[in-house]
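Take the working numbering: the last position of the sequence shown gets the number 472, and nothing is skipped along the way.
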Amino acid sequence: METSTLINAFNNAGQGHVFAFFNELDGEAKRRLLEQAAEVDLEEIARLNATLLGGGAGAREDLFSGLAPAPYEKLPENGGDLAAWRAAKAAGEAALRAGQVAAFTVAGGQGTRLGFDGPKGTFPVTPVRKATLFQVFAEKILAAGRRYGRPLHWFIMTSHANHAATEAFFRGNGFFGLAESHVHLFRQGRMPAVGFDGKILLETKGSIAMSPDGHGGSLRALERSGSLDLMEREGVRALSYFQVDNPLVRAIDPAFIGWHFTRGSELSSKLLPKAYPGEKVGHFCVKDGRNVVVEYSDLPEALQQERDAAGGLRFNGGSIAIHVFDREFIRRLAGGAASLPFHRADKKIPCVDAGGGLSKPSKPNGVKFELFVFDALPFAKNPVIIETRREDDFSPVKNAEGVDSPASCRRDLLRQYGRWLAANGANVPLGADGTPAVEFEVSPLFGYDEDSFAESWDKLPQKPIVRNGLCL
Ligand code: UTP
């Protein structure tokens, strides 16, 4: 687009201030700002300003009328159908042997709460080897590929901010033993941040404050990057989706994959019973006959606390961002069959003020717009939700300390290794709270779930003593 046309478009949209310092910039800086500006969909920003900044909370009542908990497949130990779970696992294993599944990690987040300098996937997380999040997933994917005789493709969504560092990290580590041809990194889209008045914020005099468009941006990024076409060429029908911050996840879970395929599901999800009424997870619900996830911050307190006839929490189904996506479902959504809604997040956004000075706000001064992946749920045919156990699937690294921190995650990894060892007859010394009293580690290449662990353990001619520093 012509420079003047672009600038005019911004002027006409009431966003002309984006070019307030244009004449102070050198040629290269001008080019960069124009390039960024061309990425901005001004109509979309105007629409979001009208809907999300306009204080349109009037419809909330309606949002919750008739809301019910979503049905799900219970684990056999909680009354679920053991035969159906067994059949699902067999079907999932068959799909893996046929190469119909790929792994997908969303790693484009900013990781502000952890405060780690670098892509979050490069954060060291395991107790002894200090293996990074990316290494843990890579080894799980490598091991599953070996187990089923078909190397898995792994798609990783990065952001503009962390793409180069992520790529360099994989390259510097030899892709952790995976074939380079099977690791696919691609960038997610970006959205400009706006002030509470709807004006696009400038990060510097020559750049717009842009941020990643949320994990829901992954669906359009998969299409745009050619990943869906690649999957099709390779015969991959489904993506096992998980987040970069959760090393406990069963990245490749045959039973989950099997439920997805046997039910002809377009989007399958794992559910975790909430640990306590106010736990900060989304809630699986049904609204107007469609499955939805309602964020914890949106579900009224009364519903969060409501009890059922048996005394349990009525809205108990937590969403932990583990899914299986059908490839063609993603293509349909990305092609415009349905558009996911943007959400508003109020943030402290460093920006340039009208006088050209940099302001570092101490309280939220603007809004970022994000798409959430679970908003795809109501559009999916035959969605399946299955129950999982927290200790098998969920211990994210979100915060620097306390709940969901590196320390709690390391503890949960240690407990998981300890359970696998104890189940196979090893003597694991435990502390008062049930956590192993020694620091040891199981590489996913040895075992990444109880089955693969037991197989490797059986083959060991001599069983090792569980002690500090043991690495299997
Ligand atoms: P979070 O919601 O925890 O956000 O992301 P975050 O950006 O990583 O961390 P904070 O909130 O700044 O502390 C959950 C998952 O979604 C990915 C993250 O990388 C993480 O795997 N994500 C999030 C994206 O890939 N893109 C985004 O735009 C946002």
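Glycine included, each C-beta is placed from N, C-alpha and C at the ideal position.
These numbers were taken from a predicted model, which means no experiment stands behind them.
Enclosing beta strand (DSSP E) for residue i [first to last residue]
i	result
N291	290 to 294
Y474	Missing from the structure shown is residue 474; the chain here goes from 1 to 472 and no further.
Q243	238 to 243
M191	190 to 192
I200	Counting along the chain, I200 falls outside any beta strand (DSSP E), and DSSP gives it neither H nor E.
I349	Per DSSP, I349 belongs to no beta strand (DSSP E) and is neither H nor E.
T5	First-last for T5: 3 to 12, but that is the alpha helix (DSSP H), not the beta strand (DSSP E).
E370	366 to 371
Beta-carbon proximity check, residue i vs residue j, cutoff 7 Å
i	j	result
L248	F394	yes
L185	I156	yes
H323	Y241	yes
A107	A251	no
G278	S319	no
G189	D375	no
G133	G115	Looking at the sequence shown, residue 133 is not Gly but Leu. No, Cβ-Cβ distance for L133 and G115 is not below 7 Å.
K368	S211	yes
A261	I385	The sequence shown places Phe at residue 261, rather than the Ala named in the question. For F261 and I385, no; Cβs fall outside 7 Å.
A143	L445	yes
K287	L67	yes
K270	N316	no
Residue environment, residue i, which counts as buried when at least 16 other CB atoms sit within 10 Å
i	result
P341	exposed
L413	buried
I465	exposed
E234	exposed
Y475	Residue 475 lies beyond the stretch modelled for the chain, which goes from 1 to 472, so this question has no answer here.
N78	exposed
V442	buried
P127	buried
L358	exposed
Own chain partners of residue i with C-beta closer than 8 Å, once the 5 adjacent residues on each side are dropped
i	result
L34	T3, L6
K199	G14, Q15, H17
K363	K348
P436	L414, R415, Y417, G418, V428, P429, L430, V466
A57	Because A57 carries a pLDDT of 48, less than 50, the predicted location of this residue cannot be relied on, and no value is offered for it.
Range covered by the alpha helix (DSSP H) that runs through residue i
i	result
T166	163 to 172
H260	254 to 262
I465	From DSSP, I465 is part of no alpha helix (DSSP H); its letter is neither H nor E.
K30	27 to 39
R410	406 to 423
K381	Taken as a continuous stretch (DSSP letters only), K381 belongs to no alpha helix (DSSP H), as it is neither H nor E.
R390	390 to 393
Same chain only: Cβ atoms within 7 Å of residue i, ignoring 5 sequence neighbours per side
i	result
A46	A13
I141	A103, L152, W154, L178, A251, I252
F325	A238, L239, Y241, L267
K459	none
V403	none
Own chain residues within Cβ distance below 6 Å of residue i, not counting five before or after
i	result
F10	G16, V18
Can at least three beta-carbon pairs, one atom from the segment 87 to 105 and one from the segment 147 to 155, be found at a separation below 8 Å? yes
Three or more C-beta pairs closer than 8 Å, one from the segment 68 to 86 and one from the segment 36 to 54: is that the case here? no
The segment 327 to 335 in contact with the segment 210 to 224 per 3-pair CB rule at 8 Å: yes
Evaluate contact between the segment 254 to 264 and the segment 288 to 304, counting only Cβ atoms and requiring at least three cross-stretch pairs below 8 Å. no
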